[in-house]
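Asks: Residue numbers (UniProt numbering): 1 to 216.
We treat Cβ as the ideally placed atom computed from N, Cα and C, and that holds for glycine.
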Amino acid sequence: MVNEHFYKEIITTLQPSQTTLVAVSKLKPVSDIEQLYALGQRDFGENYVQELVEKQPQLPADIRWHFIGHLQSNKVKYIAPFVTIIQSVDSIKLLTEINKQAIKNNRTIACLLQVHIAEEQTKFGFNAAELQQLQPETFTHIDFAGVMGMATFTDDKQKVEREFQHLKSIFDDFKLHHTLPHFNTISMGMSDDYALAIQCGSNMVRIGSLLFGKRG
Ligand SMILES: *Cc1c(COP(=O)(O)O)cnc(C)c1O
Numbered sequence: 001m002v003n004e005h006f007y008k009e010i011i012t013t014l015q016p017s018q019t020t021l022v023a024v025s026k027l028k029p030v031s032d033i034e035q036l037y038a039l040g041q042r043d044f045g046e047n048y049v050q051e052l053v054e055k056q057p058q059l060p061a062d063i064r065w066h067f068i069g070h071l072q073s074n075k076v077k078y079i080a081p082f083v084t085i086i087q088s089v090d091s092i093k094l095l096t097e098i099n100k101q102a103i104k105n106n107r108t109i110a111c112l113l114q115v116h117i118a119e120e121q122t123k124f125g126f127n128a129a130e131l132q133q134l135q136p137e138t139f140t141h142i143d144f145a146g147v148m149g150m151a152t153f154t155d156d157k158q159k160v161e162r163e164f165q166h167l168k169s170i171f172d173d174f175k176l177h178h179t180l181p182h183f184n185t186i187s188m189g190m191s192d193d194y195a196l197a198i199q200c201g202s203n204m205v206r207i208g209s210l211l212f213g214k215r216g
């Protein structure tokens with residue numbers, strides 16, 4: 001069941017700042033995605049390779065699929081033919097494999113660099129030092145489109161704000177040091193913290209439970 005009222009509200013809220021809404025449909029049925037699609041939504045986010053590979057052929061071809069979950073290198077090949085953007089790129093090894101699969105599929109794949117901004121060690125992502133080692137030019141078939149991050153799961157708003165500001169500054173720094181024409185996206189903010197994320201410079205929010213209801 002989709003919360004259509006919230007959908008219309010969030011679309012109106014995001015319009016002035018031209019923030020992109022990614023509807024996170026993990027663990028939700030195809031019928032929910034169809035319902036939101038009928039309202040005009042085209043960007044959907046999925047976390048699990050097998051689930052995405054099963055859903056994609058059942059749904060309209062103009063959906064832009066964002067892969068946002070932890071991605072193992074050996075599974076890139078399954079989504080490489082159709083994925084619009086991989087937001088959860090967290091290692092050189094993974095970049096190398098995405099580039100290889102992009103070449104095989106005769107396409108360029110857009111990627112966001114996932115940055116580790118949270119306190120929890122369970123979250124994934126590059127740290128600032130690793131990003132300094134990264135040489136985007138070496139990946140011929142990857143379109144570096146920006147950064148993605150997840151804040152710590154906490155009620156401490158100031159902590160979340162500091163983490164979002166940190167991601168924004170990492171984005172600014174990376175953009176300054178590389179010539180990447182499409183490096184424009186700051187994907188941060190989920191159901192609980194999207195408003196704060198936008199205040200801190202986000203231009204892409206990934207929202208699941210507020211749109212589709214709680215999972216599981
Ligand atoms: C599940 C998930 C979301 C959406 O979370 P909600 O709290 O349901 O809005 C956003 N980003 C990532 C990376 C996720 O795994």
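Whole angstroms is fine: what's the gap from L14's alpha carbon to S191's?
Replies: For the purposes of this step, residue 14 is taken as residue 14 along the sequence shown, with counting starting at 1. For the purposes of this step, residue 191 is taken as residue 191 along the sequence shown, with counting starting at 1. So the alpha carbons of these two residues sit roughly 14 Å apart.
Asks: Can we count L210 as close to ligand 1, meaning its CB is less than 7 Å from some heavy atom?
Replies: The count along the sequence shown starts at 1 and reaches residue 210 at position 210. Yes, Cβ of L210 sits closer than 7 Å to a heavy atom of ligand 1.
Asks: Buried or exposed: which applies to L39, given that a residue is buried once 16 or more other Cβ atoms fall within 10 Å of its Cβ?
Replies: Locating residue 39 in the sequence shown gives position 39, counting from the first residue. Classification for L39: exposed.
Asks: Does the distance from the C-beta atom of G146 to that of L112 stay below 8 Å?
Replies: The residue given as residue 146 occupies position 146 in the sequence shown. The residue given as residue 112 occupies position 112 in the sequence shown. Yes, Cβ-Cβ distance for G146 and L112 is below 8 Å.
Asks: If you follow the beta strand (DSSP E) that S187 is in, where does it begin and where does it stop?
Replies: Working through the sequence shown from its first residue, we reach residue 187 at position 187. Counting along the chain, the beta strand (DSSP E) containing S187 begins and ends at T185 to S187.
Asks: With DSSP run on the structure shown, which of helix, strand or coil describes F124?
Replies: If you number the sequence shown from 1, residue 124 lands on position 124. Coil at F124, not helix or strand.
Asks: Whose C-alpha, out of L211, D143, K214 and W65, is nearest the C-alpha of Y48?
Replies: To locate residue 48, count along the sequence shown from 1; it is residue 48. If we check each option's Cα against that of Y48, W65 comes out closest.
Asks: Determine the extent of the beta strand (DSSP E) in which V147 is found, giving its start and end residues.
Replies: One-based indexing of the sequence shown puts residue 147 at position 147. I142 to G149 is the span of the beta strand (DSSP E), which, as asked, contains V147.
Asks: How far does the alpha helix (DSSP H) with V2 in it extend, from its first residue to its last?
Replies: On the sequence shown, residue 2 is found 2 positions in, with the first residue counted as 1. Counting along the chain, V2 falls outside any alpha helix (DSSP H), and DSSP gives it neither H nor E.
Asks: Keeping to the same chain, check which residues put their C-beta closer than 6 Å to that of I85; ignore five residues upstream and five downstream.
Replies: Here residue 85 corresponds to residue number 85 of the sequence shown, with the count starting at 1. Here the set comprises H66 and A110.
Asks: I'd like to know whether the C-beta atoms of V53 and Y78 end up nearer to each other than 8 Å.
Replies: As a first step, residue 53 must be located in the sequence shown, where it is residue number 53. As a first step, residue 78 must be located in the sequence shown, where it is residue number 78. The answer is yes: Cβ separation under 8 Å.
Asks: Take P81 as the anchor and find which of L210, D155 and Q101 has the nearest alpha-carbon.
Replies: The sequence position of residue 81 within the sequence shown is 81, counting from 1. Comparing Cα positions, the closest option is Q101.
Asks: Using only the heavy atoms of ligand 1, determine whether one of them is closer than 7 Å to the beta carbon of M188.
Replies: Within the sequence shown, residue 188 is the residue found at index 188, counting from 1. No, Cβ of M188 sits at least 7 Å from all heavy atoms of ligand 1.
Asks: Could you spell out where the alpha helix (DSSP H) holding I98 opens and where it closes?
Replies: What you label residue 98 is simply residue 98 of the sequence shown in a count that begins at 1. Unbroken alpha helix (DSSP H) run through I98: I92 to K104.
Asks: Tell me whether R64 counts as near ligand 1, meaning its Cβ is closer than 7 Å to at least one heavy atom of that ligand.
Replies: Locating residue 64 in the sequence shown gives position 64, counting from the first residue. Answer for R64: no, Cβ out of range of ligand 1.
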